[in-house]
Amino acid sequence: MHSPPTLEANDRFVTLAQLFAANNVAVPLIIEANFEAGFFLMTDLGRTHLEETYGTPQQQPALQAAIEGLTQLANIADETAIEPYTQERFRFELGIFSEWFLAAHLGRKEQSRGLVEATEPIIDAISVQPLCCVHRDYHCRNLLFENGQLGVVDFQDALRGPVLYDIASLLRDCYYQFDESQVEAYLDTFLALEHTQPLRDQFDRPAIKRLFDFTAIQRQLKALGIFARLSIRDGKDSHLVHIKPTLLRLVELTAGYTELANLNALLAACAKQ
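Note that the working numbering has the sequence shown beginning at 3, numbered continuously upward.
Below you can see the structure in the form of C-alpha cells.
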C-alpha cells in the first residue's frame, strides 16, 4: 500500500492496525513499513468485497461474519488510542452536508429550517447510546469476505462512539439498499450479540430501531456532503452517481418520523433539483 505521509495519518493507521490485530479484529498485518516514503507491506485479505456477495448465496455468511465482527471492535477499550466521537464532531459532520451538498452542490445558500430543526433530535439519538469502539466506515467496500473469512480495511478513523453506528453504516449502506425486512432481520442478529446488552437494557426494540435510523440519517447526510466535496474540492466525480440513490433513501427514511418532517420536505425538494 502507498499512503502519502503528507496526506494520511500513517502513524495512526499502524497504531490501530496493531491494536486491532491484538484484539482479533480481521485487519491486515503489517510486515514492513517505510514511513518516510509512505509504503507498507501487508498481508493480503483477498479481493472479494462484501458488495460483491450481495444478492448471491454468499450474502448471508458474509453479513453474518461482518455483524459478528463488530463484537471484536466493540471490545477494544484503549481510550488512549481510540478518541471519543464527540457531539461537536457530529455537528461538524452535519455541517459538511449543509456546506458542500446544500450550498456548494445545489446552490441552496440560505440556512435550512429542516436541517436546523432535525439537528438536536439526531444528536440526541446518537448521544444516548452506550459507547464502544466504532470503525466509522463499516460498509460493503471496506469489508472483504474471502474463503469464509472477514477482512476489515480503512479503519484508521476509528473512534469511541455510539454502539449502533457501525451496524447503521452496514445496513443503511450508501452503496447498496437492503429491503426493510432484511434490515430488520440483520438488526436483530446484531442485537443478539453480547456487547449490545447495555443498549437492550436501556431501550426496547422500537426505541432501538428509532436510534438506529437516526444514526443512519446522520451518517447518510454526512456522506452526501462528502460525495459533493470530493467532486467540487478534490476533482473526484466517482461518488456523484451515489448521491441520488442515497438522497432518495433518506427521503423514505425521514418520512417515518414526524419530528423530521421539515428535513423530509427539504430532502424531497433536493431530490427534484
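Backbone N, C-alpha and C define an ideal beta-carbon position, used for all residues, glycine too. Since this is a predicted model, take the numbers as computed values, not measurements.
- One Cα belongs to MET44, the other to VAL27, and the distance between them is close to 15 Å.
- With respect to the 9 Å criterion, ALA170 and HIS137 are not classified as neighbours on the basis of their beta carbons.
- Using a Cβ-Cβ distance cut-off of 8 Å, the stretch 146-163 and the stretch 48-62 are in contact, since at least three pairs of beta carbons, one from each stretch, lie closer than that value.
- Beta-bridge partners of MET44 (DSSP): ILE32.
- By the 16-neighbour rule on beta-carbons within 10 angstroms, HIS4 is exposed.
- Taking a C-beta distance under 9 Å as the contact criterion, GLN158 and GLU38 do not qualify as a contact pair.
- Taking 9 Å as the cut-off, the Cβ atoms of ASP168 and LEU75 count as close.
- A residue is called buried once 16 or more other Cβ atoms fall within 10 Å of its Cβ, and LYS224 is buried on that count.
- Note that the C-beta distance between ILE234 and TRP102 is below 9 Å.
- Less than 9 Å separates the beta-carbon of LEU173 from that of ALA218.
- Rounded to the nearest angstrom, the gap between the Cα atoms of ALA230 and GLU70 is 33 Å.
- Per DSSP, the beta-bridge partners of ARG162 are PRO86, CYS135.
- LEU226 is classed as buried because its beta carbon has at least 16 other beta carbons within 10 Å across all chains shown.
- Between the C-alpha atoms of GLY97 and GLU122 there is a straight-line separation of about 13 Å.
- For LYS211, the closest C-alpha among the options GLU186, GLU196, SER114 is that of GLU186.
- Looking from the CA of ASN12, the closest CA among LEU21, LEU31, PHE42 belongs to PHE42.
- A distance below 8 Å between beta-carbons, with the five flanking residues on each side excluded, links ALA267 to the following residues of its chain, in chain order: GLY116.
- Taken through DSSP and simplified to helix, strand or coil, HIS107 comes out as helix.
- Per DSSP, the unbroken beta strand (DSSP E) holding PHE147 starts and ends at 145-148.
- Between GLN60 and the set ARG110, LEU152, ALA23, the nearest pair of CA atoms involves LEU152.
- Straight across, the Cα-Cα distance linking PRO200 with TYR140 is about 21 Å.
- The continuous stretches of alpha helix (DSSP H) do not include GLN151, which lies in the beta strand (DSSP E) extending over residues 151-154.
- Following the DSSP letters along the chain, one finds ILE245 inside the alpha helix (DSSP H) bounded by residues 245-256.
- The alpha carbon of GLN220 has as its nearest neighbour, out of ALA35, GLN204, SER129, ALA105, the alpha carbon of SER129.
- When only Cα atoms are considered, LEU104 and LEU262 end up about 17 Å apart.
- Sequence-distant Cβ neighbours of ARG110 in its own chain, meaning closer than 7 Å and more than five residues away, are LEU104.
- According to the DSSP assignment, LYS211 belongs to the alpha helix (DSSP H) that extends over 207-234.
- Listed in chain order, the non-local C-beta contacts of TYR188 below 7 Å within the same chain comprise LEU65, ILE69, LEU173, local neighbours out to five positions each way being set aside.
- Each of GLY258, LEU133, SER114 was checked against the Cα of HIS197, and the nearest Cα belongs to LEU133.
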